[in-house]
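Per my numbering, residue 933 is the first one in the sequence shown, and the count goes up by one each step.
Contents: one structure, followed by commentary.
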Amino acid sequence: MTGTVAEHDARIADRIEATFAPLFALVEGWRTAVQDEFRAFAEHGAAPAASVLDPFMEALARPALEAPGGLVTGAGFVATPGVFADAPWHLAWWLREIHGLDRGDRGGVRRLEAVNDPDSDQFRDYRQLEWWKVPERTGRRHVTGPYVDYLCTDDYTVTVTTPVVHEGRMVGVVGIDVHVSRLERVILPILRDAAGTGTIVNASGRVVASSDSHRVTGTLLRGDDVQSALAALRSGAEPAGGAEGVRVSRCGDTALILVLQG
């Protein structure tokens, strides 16, 4: 790989990372704010209450959800079961109102109507979902997806979550949802500037977005050459090149990978 091509690839990966940087900063800021709120509960000798935290979280989330044309389509706090005395299971999550056809803004925000009764047939234990399990296990921010978000929107979604910790215990996660259709509006122009066909995949090799319209969101990017290049990158090589001109680079700490061919 020539230095010029390698440098251009790195710039493309940096631009993808820069797309996510404001989203990460947003979530990290919310984590700090919610942790401060739990600290305030303790300082006042009060039991954490959903009735108090919910309006606080809504005030944090609304500006991102109301921003015209913004990437954020869902946002909020999901509590560790038993943290709130007044809500044993609790999702405080809000959604951007979006048109069905063009996915454009409808100009409103609504709260997710979550089923929090474990005895209900519609109840889903969110502790079994990736966006919860990985932050709980690692103690770090995690990017989940793309996946079809049946809990909220039935759309292909990328979710960013980070753990909220109080007195050494995870009391929940704060996070955001971003519809892949919105990410594509930002990512595709970047990929079209790449040298060759550009595809963003997650850590499992599933397509997030691609300049090749035949590569569908959520499908596994196939090919022995691609899989070999991804395996080399996971083993620690950076950047990595495979057969037939396949080049792969990490997009910073997003957990996403840039795959370039041609």
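The beta carbon of each residue, even a glycine, is placed where N, CA and C say it ideally should be.
(message) Buried or exposed for Asp1109, going by 16 or more other Cβ atoms inside 10 Å?
(response) buried
(message) Can you give me the C-alpha to C-alpha distance between Val1106 and Pro1095, rounded to a whole angstrom?
(response) Roughly 7 Å between the two C-alpha positions.
(request) With a cut-off of 8 Å on the beta carbons, I'd call Thr1018 and Ser983 a contact; round off their distance for me. (result) The sequence given here places Asp at residue 1018; Thr does not occur at that position. 6 Å between Cβ atoms; contact.
(message) Nearest by alpha-carbon distance to Val1133: which of Glu1116, Asp1125, Ala1127 is it?
(response) Glu1116
(request) Could you check if Thr1012 is buried or exposed, using at least 16 other CB atoms within 10 Å of its CB as the buried criterion? (result) buried
(request) With Trp1025 as the anchor, note down where its beta strand (DSSP E) starts and where it stops. (result) 1023–1030
(request) Could you tell me how far apart the beta carbons of Gly1077 and Thr1093 are, in whole angstroms, since I believe they sit closer than 8 Å? (result) Contact doesn't hold; Cβ gap of about 11 Å is too wide.
(message) What residue range does the beta strand (DSSP E) around Ala1007 cover?
(response) 1006–1011
(message) Given this structure, state the Cα-to-Cα distance separating Leu1188 from Arg1072, to the nearest angstrom.
(response) 16 Å
(request) Please list the segments of the beta strand (DSSP E) lying wholly inside the segment 1100–1174, counting only runs of 3 or more residues, in order along the chain. (result) 1101–1111, 1129–1133, 1139–1142
(message) For the alpha helix (DSSP H) containing Ser983, name the first residue and the last one.
(response) Its alpha helix (DSSP H) spans residues 982–998.
(request) Pick out whichever of Val1140, Val1180, His1146, Val1139 has its Cα sitting closest to the Cα of Asp1157. (result) Val1180
(request) Please determine if the segment 990–1002 and the segment 967–979 are in contact, where contact requires at least 3 C-beta pairs separated by less than 8 Å. (result) Result no; under three Cβ-Cβ pairs closer than 8 Å.
(message) Cutting at 8 Å between CB atoms, please list the residues of its own chain near Leu955, excluding the five before and the five after it.
(response) Leu1003, Val1004, Val1092, Ile1108, Val1110
(request) Below 8 Å on the Cβ atoms is my guess for Ser1143 versus Arg1124; work out the distance and round it to an integer in Å. (result) 5 Å
(request) Please determine, among Ala938, Trp1026, Ser1160, the residue with the shortest C-alpha to C-alpha distance to Phe988. (result) Of the candidates Ala938, Trp1026, Ser1160, the residue whose Cα lies closest to the Cα of Phe988 is Trp1026.
(request) Quick one: give me the first and last residue of the beta strand (DSSP E) that Arg1182 is part of. (result) 1178–1182
(request) Taking only the alpha-carbon atoms, compute the straight-line gap between Pro1050 and Asp1057 and give it to the nearest angstrom. (result) 8 Å
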